[in-house]
Amino acid sequence: MSSSPDKNYRFEQAGASDDSIQQAHAQLQKQKPDKANGYSFLPLGILGLMCSSVFFGSIYLAHYSVRFDPLVTNEHAKREKPGAVVAAAATPAQLGKKVFTSICATCHQLTGQGVPGAFPPLAGSEWVQGSEERIIRIVLHGLNGPITVEGKEFNNAMASLGGVLKDEQIANVLTYVRQEWGNKAPEVKAETVARIRGEVGNHPAPWTAAELLKIGQ
Amino acid sequence: MNSTNPNDRAEQAEIDASAKWPVLVFFGSAILWLLLGGALQLIASIQLHTPDFLAACPWTTHGRIAPAAQNALVYGWGMNAAFAFGLWLMARLSCTTLRHGGWLFIAAKFWNVGVTLGVLGILGGYSTSFELLEMPRFVTLILLAAYALIGVWGVTTFGIRNTENVYASQWYLFGAAFWFPWLYAIAQIMLFKAPVRGVLQPIVNAWFVHGLYGLWFIPMALAAAYYFLPKILGKPIANYYLAPLAFWWLVGTTAFAGGSRLIGAPVPIWISTLGGAANFLLVVPVVVIALNLFGTLSGRYGALGNSVTLRFILISMVGFVLASAMNFALSIRGFAQVVQFTLLTDLRDWLIFYACFSTAMFGAAYFILPRLTGKEWRSSALVKAHIGTAALGVLLLTVGLAYAGWQQGHLLNDAAVKFGDITQALTFWFTFRSVGLGLLLVGHIAFLINFVWIACPFSSKGTASVEFAPPPTLNFSKKSATEGHA
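Protein chains in written order, with the working numbering: chain A, 15 to 231; chain B, 78 to 563.
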């Protein structure tokens with residue numbers, strides 16, 4: 015090709031004409047590589063590379079874009095939307111408060127103080143904070159006749175609520191009154207209510223204080 | 078369309094003749110800017126280890142010299158060289174003459190007047206604060222108008238092509254002809270004409286800088302590599318059927334990658350994340366392009382010894398892979414945390430602009446200019462000096478600056494080390510960079526001397542003429558592709 019070694023530095027020889035480059039490549043563009051043994055690694059390898067780069071690229075983008083929030087400049091920021099209200103599970107006492115205000119508060123009052131001489135108080139009551147066996151029965155089947163609460167006599171009737179309230183509602187409302195207004199007694203489980211409802215069975219008449227005092231001593 | 082047909086040969090000579098003066102003017106201006114920009118860059122680099130150097134005059138302080146050097150190199154050398162190469166290759170591959178050379182002259186004048194005013198404006202203290210957009214505002218209109226005249230001929234030449242088929246190099250040239258004005262005009266409007274506010278400004282700036290490198294300079298380098306490998310080796314591109322995929326994937330993702338420059342900046346986090354993801358996706362086209370280019374070269378490395386152009390193209394290909402790897406690495410947050418704001422981030426842009434783009438243009442010039450002028454390069458010693466300094470310079474600066482940047486990053490992250498001590502500790506590496514840039518400048522001077530001997534009407538009289546034999550037809554059957562070509 016060259017007469018002297020320096021000839022190569024003087025000018026460049028072309029190895030192909032422009033026409034033939036275009037024609038050859040136009041054909042090659044449509045042509046996949048020869049499949050030796052009926053299998054070609056390259057197209058599959060490139061496909062794999064494409065898929066994995068898109069896959070990991072998307073994960074990276076989704077993970078570090080932090081909701082595309084214009085105000086977030088730190089990739090470790092919290093991913094929840096600011097101000098989003100997360101539905102927190104209500105405690106049994108909170109659920110019980112609803113039952114209390116709609117049903118019980120009529121007589122026992124929102125303050126749990128009752129009405130002197132008519133309806134006994136729940137706040138500080140030894141009955142409320144005492145055996146859960148008794149108060150579950152009172153709510154389930156009602157109470158009739160004289161009862162002493164916090165040293166004061168009451169003589170009135172409380173309706174049976176076992177038909178109106180489900181076991182869970184009874185447990186919730188009892189848990190509420192046992193933990194509100196300074197009361198400190200353990201919560202009442204729905205299973206306990208269900209057990210007592212089953213044990214007692216049909217109890218057409220309301221309980222009396224005397225009956226109850228024999229139970230759960 | 079058999080190229081041994083004498084008509085075709087005559088036509089090719091006609092194309093070269095029509096492109097001769099516009100291309101020579103663009104290349105000539107480019108080389109002058111390359112030297113001037115290189116000298117400014119060297120001064121700026123020297124000032125980092127010898128702070129007193131030229132510090133007395135406000136025009137030569139580091140804050141003005143450094144952006145002036147960058148703009149002179151990018152808009153002076155880079156754009157002019159890309160115009161010269163792009164117009165010639167577009168005419169050749171479209172098999173049509175380059176029309177309206179007179180308009181291209183005027184456009185070249187306007188472009189270079191614009192860049193001159195811009196660089197003087199920066200040195201005179203009228204620069205803006207945006208990277209690669211530092212030139213005073215009035216220059217923008219001159220540049221855009223000049224570009225419109227240049228770009229329109231590139232596109233028209235493609236439009237009136239006499240060929241049935243379109244080759245990979247043309248995709249990149251045609252695309253880049255539209256991407257530059259798009260990037261430049263949008264950046265100008267969003268930063269100066271109707272400026273966006275606050276945090277959006279650095280985002281637009283990063284998008285522009287990344288786009289200019291990734292959608293103008295890299296496509297130019299790829300157009301050169303895709304053309305010169307089969308042209309000189311007489312062998313088709315390996316796995317060419319994958320090239321369209323690489324093209325679309327590359328242009329589709331590069332436009333989103335700019336945000337990766339803003340890692341750690343107080344911008345919405347999704348912008349830098351999107352940039353990182355885009356740089357991650359760019360692995361696909363880089364692998365495909367590397368398969369195309371290195372696959373073509375494989376088995377023919379012996380041909381490198383016979384071709385200066387191929388050797389420059391090889392440096393450019395290696396530069397492309399390294400620059401892409403660096404872009405990818407700098408998108409990784411842990412890595413960016415160490416090396417951001419060090420010599421290593423400078424290295425990323427330098428790899429794209431010099432190691433990938435500029436070397437491709439050198440290779441193209443060594444191929445094109447003897448064909449345009451009908452003369453050979455007078456001094457082979459100067460050619461050897463150019464390729465030698467370029468290869469050595471790229472190697473030394475890449476390895477040296479990568480190591481130095483890593484070290485600098487660790488020192489900067491150590492709160493116990495004083496900032497002054499870090500500068501002191503890096504004096505060796507700043508000096509090292511000055512030596513490397515000086516070495517490259519020597520090669521550029523050798524290039525200029527040879528260019529004057531081949532292109533300047535007065536001084537080229539003593540240069541020997543050269544006749545080119547008609548090139549053979551490209552064979553692409555399996556058997557003939559493995560044979561050597563004379």
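C-beta: ideal position from N, C-alpha, C; glycine also. On a predicted model such as this, the values are computed, not experimentally measured, just so you know.
Among the options, the one whose alpha carbon lies nearest that of residue i
i	options	result
A199 of chain A	A:L63, A:T87 and A:A137	A:A137
R425 of chain B	B:A406, B:I409, B:A400 and B:M438	B:A400
G228 of chain B	B:G198, B:A159, B:T173 and B:I346	B:A159
N404 of chain B	B:F444, B:V519, B:A437 and B:A355	B:A355
L518 of chain B	B:T466, B:A413 and B:D491	B:T466
A432 of chain B	B:G470, B:A245, B:L119 and B:R377	B:G470
G128 of chain A	A:N88, A:G159, A:K166 and A:N186	A:K166
N170 of chain A	A:L42, A:P134 and A:V113	A:P134
A204 of chain A	A:A185, A:A38, A:P84 and A:C65	A:A185
L227 of chain A	A:V214, A:F168, A:K111 and A:I161	A:I161
F279 of chain A	A:G212, A:A223 and A:L42	Because chain A spans 15 through 231 in this model, residue 279 of chain A falls outside it and cannot be assessed.
L48 of chain B	B:A146, B:V365 and B:I266	Because chain B here runs from 78 to 563, residue 48 of chain B falls outside it and cannot be looked at.
F257 of chain B	B:P272, B:T233 and B:L292	B:L292
K180 of chain A	A:I210, A:A91 and A:T87	A:I210
Residue i (DSSP reduced to helix, strand or coil)
i	result
N170 of chain A	strand
I237 of chain B	coil
W230 of chain B	helix
F535 of chain B	coil
S204 of chain B	coil
I161 of chain A	strand
S542 of chain B	strand
F133 of chain A	strand
K312 of chain B	coil
K452 of chain B	strand
W195 of chain A	coil
Check: residue i C-beta below 7 Å from any heavy atom of the ligand SAH
i	result
L113 of chain B	The ligand content of the structure shown is nil, which means the ligand SAH is not present either.
Below-8 Å beta-carbon distance, residue i vs any chain A residue
i	result
N316 of chain B	yes
G411 of chain B	no
N383 of chain B	yes
N84 of chain B	The predicted model places N84 of chain B with a pLDDT of 47, which falls under 50 and marks its position as unreliable; any figure quoted below should be read in that light. So, not an interface residue.
A462 of chain B	no
I392 of chain B	no
E453 of chain B	yes
N189 of chain B	no
R169 of chain B	yes
L111 of chain B	no
I219 of chain B	no
P548 of chain B	yes
Residue-chain proximity (residue i, chain B), Cβ-Cβ < 8 Å
i	result
F82 of chain A	yes
T87 of chain A	yes
I35 of chain A	yes
Y190 of chain A	no
S17 of chain A	Only weak support is given to the placement of S17 of chain A: the predicted model assigns it a pLDDT of 45, under 50, and the question is left unresolved by the model.
G29 of chain A	yes
N22 of chain A	yes
L56 of chain A	yes
G126 of chain A	no
R211 of chain A	no
Under 9 Å by beta carbon: chain B residues contacting residue i
i	result
H122 of chain A	Ordered by position in chain B, no residue passes the 9 Å Cβ test against H122 of chain A, which lies about 56 Å from the chain.
Chain-ordered chain B contacts of residue i [CB-CB under 8 Å]
i	result
L63 of chain A	V360, V361 and V364
E26 of chain A	I309, S384, V385, T386, Y443, F444 and P447
Q43 of chain A	Y317, Y318, A320 and P321
I60 of chain A	L319, L322, V361, V364 and V365
Within chain A, the residues that residue i reaches when beta carbons sit closer than 9 Å
i	result
N404 of chain B	Ordered by position in chain A, no residue passes the 9 Å Cβ test against N404 of chain B, which lies about 14 Å from the chain.
C172 of chain B	D32, D33 and Q36
Proximal chain A residues relative to residue i, where beta-carbon distance stays under 8 Å
i	result
F357 of chain B	S67, F70, G71 and Y74
N242 of chain B	Q36, Q37, H39 and A40
W530 of chain B	In chain order: nothing, as chain A lies at least about 12 Å away.
Interface partners of residue i on chain A, CB under 7 Å
i	result
I522 of chain B	Result: empty, since nearest Cβ-Cβ is about 17 Å, beyond 7 Å.
A354 of chain B	G71, Y74 and L75
S457 of chain B	D20, Y23 and R24
Does the structure place the region 168-182 of chain A close enough to the region 151-160 of chain A that three or more beta carbon pairs sit under 8 Å? yes
At least three beta-carbon pairs within less than 8 Å, the region 20-39 of chain A to the region 293-313 of chain B: yes
The region 276-285 of chain B / the region 332-347 of chain B touching (three or more Cβ pairs under 8 Å): yes
Okay, do the region 506-516 of chain B and the region 475-487 of chain B touch, 3+ Cβ pairs below 8 Å being the bar? yes
Is the region 236-248 of chain B touching the region 289-305 of chain B in the sense that three or more CB pairs, one from each, lie closer than 8 Å? yes
Is the region 203-215 of chain B close to the region 153-170 of chain B, with three or more CB pairs under 8 Å? no
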